[in-house]
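101 is the number of the first residue of the first sequence in my numbering; add one for each residue after it.
Structure, as structure tokens:
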Amino acid sequence: MPEGPETRRAADQLALAVVGQPLASAWFAFPELKPFEASLPGTTVTSITPHGKALLTRFDNGWTLYSHNQLYGVWQVVDAGERPDTTRSLRVALETSERAILLYSASDVAIWRDEDLVRHPFLSKLGPDVLDTSLTAAAVAKRLQQPAFAGRALSVLLLDQGFLAGMGNYLRSEVLFVAGIAPQRTPADLTVAERKRLAQALLDVPRLSYGTRGILPSTGMRAEYLTDTPEGFQFKVFDRDGLPCPQCSKRIVRKELGGRRLYLCKTCQQ
DNA sequence: CTTTAAACCTGCTGGC
DNA sequence: TGCCAGCAGGTTTAAA
């Protein structure tokens, strides 16, 4: 599944559909979750919130559905009783009297007691959510200087969910380009001005993507959630190797760093 | 400790 | 049209 901005968009739409309404039915493809088909109906979904790329769906009976879509999970909002997608495998269906939210293909799904979530192996390791509105550039700049992060190459650090949750591979290329910083640099070897630029870009780029409804099919990427997308986030460098840099017109190059593809302008990112 | 590589889950795309 | 290899915006695990 996509990155932080797309995950938060999905959470928004799912919440609009079912939060505050009592569940009429619940269905799970996973054997260990079958008991909840009997206990969840009648409870109310109190919130659906992203934590990085994970989604937490809370019920008012003290239990929470954890899901992570990896590359392939897809959420849909449909009318109650509808199951329009026949090609993917349905994994979760939560239904109110009016609407249903359906999770297809995802394999990382579990239900936890609220009080146990702090010990969840993935959630417990996440850094602050990059799209959290209370996160400031000053706080990000400070975090960059923490010993656990300061010595690591930005190409690796920017994908580490323990640094900032919700960052991902397209955001990595875009953030480094906007900040004008080469991916091999580390936080420790940045000047004060560079660190400030990077911290600001780490907030601005994900927020712009979220605000413009994430990535669109025209970029060559999938965008399963985006049924209402007039705008869309435009890549400046990601997936654009060989094309001219929007700032200096030199060719954008593609590299492999941290095991993932990364795009940059060698002139603008020294 | 940091970094890299491979494995894993599933779906899509492009080539034959 | 059908099949298959390769790739993917992610994460974990093991190895270097």
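For glycine and all other residues, C-beta sits at the position ideal for the given N, C-alpha and C.
Being a predicted model, the structure only gives us computed values, none of them experimental.
Buried/exposed call for residue i, threshold 16 Cβ in 10 Å
i           : result
residue 172 : exposed
residue 153 : buried
residue 70  : As shown, the chain starts at 101 and ends at 370. That puts residue 70 outside it, with no answer to give.
residue 219 : exposed
residue 176 : buried
residue 189 : exposed
residue 132 : exposed
residue 179 : exposed
residue 106 : buried
residue 108 : buried
residue 111 : buried
residue 214 : exposed
residue 229 : buried
residue 116 : exposed
residue 157 : buried
residue 191 : buried
residue 200 : buried
residue 130 : exposed
residue 292 : exposed
residue 295 : buried
residue 336 : buried
Pair within 7 Å by beta-carbon distance, residue i and residue j
i           : j           : result
residue 357 : residue 273 : no
residue 206 : residue 169 : yes
residue 265 : residue 279 : no
residue 155 : residue 167 : yes
residue 299 : residue 237 : yes
residue 271 : residue 305 : yes
8 Å contact criterion, which residue i and residue j should meet: CB distance rounded
i           : j           : result
residue 148 : residue 119 : 6 Å
residue 103 : residue 332 : The Cβ separation is near 14 Å, so there is no contact.
residue 365 : residue 277 : 6 Å
residue 226 : residue 151 : 6 Å
residue 338 : residue 310 : With 8 Å as the limit, residue 338 and residue 310 do not qualify as a contact, their Cβ atoms being about 16 Å apart.
residue 235 : residue 303 : 7 Å
residue 259 : residue 360 : 7 Å
Beta-ladder partner(s) of residue i, from DSSP
i           : result
residue 457 : The requested residue 457 does not occur in the structure, where the chain is confined to residues 101 to 370.
residue 274 : Its beta-bridge partners do not exist; DSSP assigns none.
residue 159 : 145
residue 179 : 199
residue 125 : 195
residue 220 : DSSP output for residue 220 lists no bridge partner at all.
residue 166 : 156 and 210
>> Check whether the region 352-368 and the region 335-344 touch, using three or more Cβ-Cβ pairs below 8 Å as the test.
In response: yes
> So does the region 131-147 actually touch the region 158-166, counting three or more Cβ pairs closer than 8 Å?
Replying inline: yes
> Within the chosen definition, does the region 283-296 reach the region 248-268 through at least 3 CB pairs nearer than 8 Å?
Replying inline: yes
>> Below 8 Å, how does it come out for the region 119-134 and the region 179-197: are there three or more Cβ pairs, yes or no?
In response: yes
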